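For reference, the structure is listed below as structure tokens.
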Amino acid sequence: MAHSTAPGTVTVDRTPRRPGLPVRCGVRGCACEDPRQLRNAANLVTVVRTLASLALVTTAAVQHSWPWLLAAYLTYWIGDSADGNVARWRHQETRFGAVFDVVCDRINCISCALVLLMFIDAPWPVAVFLFQFVVVDLPLTLLPMRWPVLSPNYFFLVDRLAWTLNWHVVAKVTNTTLLVLLLVFLPDQRVALVAASVVLVIKVWSLGRVLRLPLPSDPVHVRQPTSGAAARA
Amino acid sequence: MPDAGTIGLIALGLVVGAVSAVTPFLPVEAYVIGLAVAQSPTVAVAGAVAAAIGQTAGKVLLFSAARGATSSRWLERLRERGAAEAAAIAAAEAAGEPPPGGPVKRALRPVGRWLSRVNARGVALLSGRGGPGVVLLSGSVGIPPLLAIAFYAGTSKMSLRAFVVTCLVGRAIRFVVLALVPDLF
């Protein structure tokens, strides 16, 4: 049930998403917005893009064909963007969906990176990237779920610097595409190695920072950001 | 009764465990630690047990693949070729002639002999009474790597039941400890 608190104010629907779930606080990205459903279009897109990219990358490996690998990468990248957009567009963002997406990202990214090694002999940049992406970035990206936010995309509600460095759209696109583009377009692999190392340092630093943040006092609702912070987000 | 999201996170542990069992590039430990720091201890432990079950399922796949491969015609041909090569080398040495093969092959021959001795000892260890103990140690501590042990165990005389039980217990110990680590601090 939607209601208006006063003339001229924004209408905020505070009714729970489903019976038994907490009353919504109106902050976009708060965990109280989670409908707690597994079967939705966004998760279906995640499943389809993960399996499709895996099938394409397997074909690329078997046939030793870079066009198939390109198709696998594009399926992963476009699908990764599409599942988040579908979730936002259909108001289906869930905390499970956020974790599911993170895990499926690792599966697609690792398989594509390993097959990339069949075409570009760059073991060190890829090794540094894989270590960063799986060992450091996976726990780091799961850490925001300590706070009552829907996904790491809303971590600016908790810590703006960590969010900007790790979950701003530019940071996310950079993390998944930069290494591949550098390896493909720059003949000197040292550039890719330096870039992968810089990202690793940022991720390790971010992990330390997020681990030191004070835990939330309210496990259900995230704190309302200041008006300035909300406008910047 | 946990909500769908929580059940999903636990089930995802099963999937990550199974996938990571066959590829060393996706360590399930990172997922378990992530779950441990972000969720309640109950959910983290449940996710850890699910990950252990998933890992065991994946390792059973490797175990069965290795066991199936030991009776494959391809491996049989490979063994016959190896035996023929060893006989040719022995005959050449007995005749006081240089063994067949180029310089690289000759240089790598001692490494190959050492590897086959290690292989034979590994298989003998896993076939004996200490086999399940090795799997338990590998599953819980990670040394020797469980990926290799699953293959070795498949080629040994260890029963599938002994492998499943020790692998599951070892992995459950490892992941539950990891899931409880954040509560210690």
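Taken in sequence, the protein lines are chains A and B.
Residue 230 in the numbering used here sits at position 230 of the first sequence; the count goes up by one each step and never skips.
Residue 125 in the numbering used here sits at position 125 of the second sequence; the count goes up by one each step and never skips.
Built from N, CA and C at the ideal position, the CB exists for glycine as well.
None of these values were measured; they are calculated from a predicted model.
Could you work out which residues of chain A lie near B:F175, taking near to mean beta carbons separated by less than 8 Å?
-> Correct list: empty, because the minimum Cβ distance to chain A is about 14 Å.
When you compare only the Cα positions, how much space is there between A:V210 and A:R24?
-> 26 Å
Return the CA-CA distance between A:A231 and A:G26, expressed in angstroms with no decimal places.
-> Because the pLDDT at A:A231 is just 49, under 50, the model does not fix this residue reliably, and the point stays unresolved.
Closest residue to B:A88 among B:P99, B:P41, B:V165 (Cα-Cα distance) = B:P99
Would a C-beta distance cut-off of 9 Å place B:A52 and B:V16 closer than the cut-off?
-> no
Can you pull the chain A residues whose beta carbon is under 7 Å from the beta carbon of B:Y31, in chain order?
-> V103, L138
Test: B:V15 CB closer than 9 Å to a CB of chain A | yes
Does the Cβ of B:A148 have 16 or more other Cβ atoms within 10 Å, making it buried, or fewer, making it exposed?
-> exposed
To which residues of the same chain is A:D137 closer than 6 Å at the C-beta, ignoring the five residues directly before and after it?
-> K203
Three-state secondary structure (DSSP) of A:V149 | strand
What does a CB cutoff of less than 6 Å around A:G79 pick up in its chain, not counting 5 residues either side in sequence?
-> R49
Within this structure, are the beta carbons of A:V220 and A:A31 separated by less than 9 Å?
-> yes
Counting pairs of beta carbons, one from the segment 23 to 31 of chain B and one from the segment 109 to 124 of chain A, are three or more of them closer than 8 Å?
-> yes
Measure the beta-carbon distance from A:P148 to A:P214 and round it to whole angstroms, keeping in mind my assumption that it falls under 8 Å.
-> Not really, about 14 Å apart at Cβ, beyond 8 Å.
Count the other CB atoms within 10 Å of the CB of A:D105; is the residue buried (16 or more) or exposed (fewer)?
-> buried
Are the C-beta of B:L126 and some C-beta of chain A separated by less than 9 Å?
-> no
Presumed contact (8 Å Cβ cut-off) between B:G154 and B:A21, rounded CB distance | 13 Å between Cβ atoms; not a contact.
Tell me A:C30's beta-bridge partners as DSSP assigns them.
-> A:V149
With A:I110 as the anchor, note down where its alpha helix (DSSP H) starts and where it stops.
-> 95 to 116
Mind checking whether B:A36 and B:I10 have CB atoms under 9 Å apart?
-> no
In chain order, what residues of the same chain have a beta carbon less than 7 Å from the beta carbon of B:L126, not counting five sequence neighbours either side?
-> V134, Y152, A153, S156, M158
Please say whether A:A60 and A:M118 have beta carbons closer to each other than 9 Å?
-> yes
So with Cβ pairs under 9 Å, would you call B:P145 a contact of chain A?
-> no
Closer than 9 Å by beta-carbon distance: list the chain B residues that pair up with A:I78, in chain order.
-> In chain order: nothing, as chain B lies at least about 22 Å away.
List the whole-angstrom C-beta distance separating A:L193 from A:P125, where the pair is believed to meet the contact cut-off of C-beta under 8 Å.
-> 5 Å
Under three-state DSSP, which class holds B:K59?
-> helix
Contact under 9 Å by Cβ, B:Y31 with A:V103 | yes
For the segment 79 to 102 of chain A, enumerate the residues whose C-beta is nearer than 8 Å to any C-beta of chain B, in chain order.
-> T94, R95, F96, V99, F100
Note down, in chain order, each residue of its chain lying with its Cβ closer than 6 Å to the Cβ of B:L146, except the 5 sequence neighbours on either side.
-> S138, G139
Please list the partners that B:P24 has in chain A, where partner means a Cβ-to-Cβ separation under 9 Å.
-> The premise fails here: B:P24 is roughly 10 Å from chain A at the closest Cβ pair, so nothing lies under 9 Å.
Cβ-based burial, B:N119 [other Cβ within 10 Å; buried from 16] = exposed
B:A95, DSSP secondary structure in three states = coil
For B:A90, count neighbouring Cβ atoms within 10 angstroms of its own Cβ and tell me buried if that reaches 16, exposed if not.
-> exposed
What residues in its chain sit with their C-beta under 6 Å from that of B:G13, if we drop five residues either side in the sequence?
-> G47, A50, A51
Short Cβ contact (9 Å threshold) for A:T94 with A:A42 = yes
Using three-state DSSP, classify A:G8 as helix, strand or coil.
-> With a pLDDT of 44 at A:G8, under the threshold of 50, the modelled position of that residue is not reliable, and no figure is offered here.
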